[in-house]
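For the sequence shown, the numbering used here assigns the number -15 to the initial residue and increments by one for each residue that follows. One structure below.
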Amino acid sequence: MDRRKFIACVGAASVTGLAGCSGSSEPDDSSSGDADESTPEPTEGSTSEPTTEPTPTETATPEPESALKINEDEFYEEDFSAGVTGIVENTTDETISYVAVEVAFYDADDVKLEDGLDNTQDLKGGGKWKFDAMYPGDASEVDHYEISASDSPF
């Protein structure tokens, strides 16, 4: 056990020592003398961690929801069923092989009660589909819902 600690300490000290030696030995003319300023460009060979948190960036791949538009939606309550019905439109020129609408039902305290789901296959480009996402519980408990459409089966 002591040998492992020794190797870990020597390894950490070596990395730290090398990190301090990897910079340029020439003075930096652009320094203003402020100690709390950081260099905006990373130095080559630096093993220290970045000084700022990374910012999340948008991916180049469009979100699945961008190809689908929910044109209308309405909560309904009948004798023995309840749910949300509406129209989803394929806003692209290509057929989407799988389309799902998911509805999350919430009570007045914003507690999620249940999910309702409806799906279809092969929605043509520019085509519309009437969905019906049923709520399996007591409809009087539902205060509001959130709805989303996706072209991913996962």
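Every residue, glycine too, gets a C-beta built ideally from N, C-alpha and C. For clarity, every value in this text was computed on a predicted model and none was experimentally measured.
Three-state secondary structure (DSSP) of ALA51: For the purposes of this step, residue 51 is identified with residue 67 of the sequence shown, where counting begins at 1. Three-state DSSP puts ALA51 in a helix.
Per the DSSP calculation, SER134 is bridged to which residue(s)? As a working mapping, residue 134 is identified with position 150 in the sequence shown. Paired residue(s): ALA84.
Between which residues of its own chain and GLU56 is the CB-CB distance below 7 Å, once the five residues before and five after are set aside? On the sequence shown, residue 56 is found 72 positions in, with the first residue counted as 1. The answer, listed in chain order, is GLY70 and ILE71.
Determine the contact status of ALA88 and ASP99, defining contact as a CB-CB distance below 9 Å. What you label residue 88 is simply residue 104 of the sequence shown in a count that begins at 1. What you label residue 99 is simply residue 115 of the sequence shown in a count that begins at 1. The answer is yes: Cβ separation under 9 Å.
Are THR79 and LYS112 close, meaning C-beta to C-beta below 9 Å? Within the sequence shown, numbered from 1, the residue matching residue 79 stands at position 95. Within the sequence shown, numbered from 1, the residue matching residue 112 stands at position 128. LYS112 sits away from THR79, with the two beta carbons spaced by 9 Å or more.
Backbone CA spacing between PHE64 and LYS114 [nearest angstrom]: By 1-based counting over the sequence shown, the position of residue 64 is 80. By 1-based counting over the sequence shown, the position of residue 114 is 130. So the alpha carbons of these two residues sit roughly 20 Å apart.
In its own chain, which residues sit with a C-beta less than 6 Å from the C-beta of PHE59, not counting the 5 before and 5 after it? The count along the sequence shown starts at 1 and reaches residue 59 at position 75. Answer for PHE59: VAL68, listed in chain order.
Between TYR82 and PRO137, which are expected to be in contact by the criterion C-beta below 8 Å, what is the C-beta distance as a whole number of angstroms? As a position in the sequence shown, residue 82 is number 98, starting the count at 1. As a position in the sequence shown, residue 137 is number 153, starting the count at 1. At roughly 5 Å, the Cβ-Cβ gap stays under 8 Å, so TYR82 and PRO137 are in contact.
Simplified DSSP assignment, three categories, for ALA123: Here the question's residue 123 lines up with position 139 in the sequence shown. If DSSP states are grouped into helix, strand and coil, ALA123 belongs with the helices.
Compare the beta carbon distance of GLU86 and SER124 with 9 Å and say whether it is the shorter of the two. Counted from its first residue, the sequence shown places residue 86 at position 102. Counted from its first residue, the sequence shown places residue 124 at position 140. Against a cut-off of 9 Å, the Cβ pair of SER124 and GLU86 comes out as no contact.
Does VAL126 pass the burial test, meaning 16 or more other C-beta atoms within 10 Å, or should it be called exposed? Residue 126 sits at position 142 when you count from the first residue of the sequence shown. Its Cβ being crowded by 16 or more others within 10 Å, VAL126 is buried.
Please list, in chain order, all residues of the same chain as LYS53 whose beta carbon is under 6 Å from its beta carbon, the five residues on each side excluded. What you label residue 53 is simply residue 69 of the sequence shown in a count that begins at 1. Here the set comprises GLU73 and THR75.
How big is the Cα-Cα spacing for PRO120 and ALA92? Position 136 of the sequence shown holds residue 120. Position 108 of the sequence shown holds residue 92. A straight line joining the alpha-carbon of PRO120 with that of ALA92 spans about 18 Å.
Run of the beta strand (DSSP E) containing GLY67, from where it starts to where it stops: Stepping through the sequence shown from its first residue, residue 67 is reached at position 83. Element bounds for GLY67: 66 to 74.
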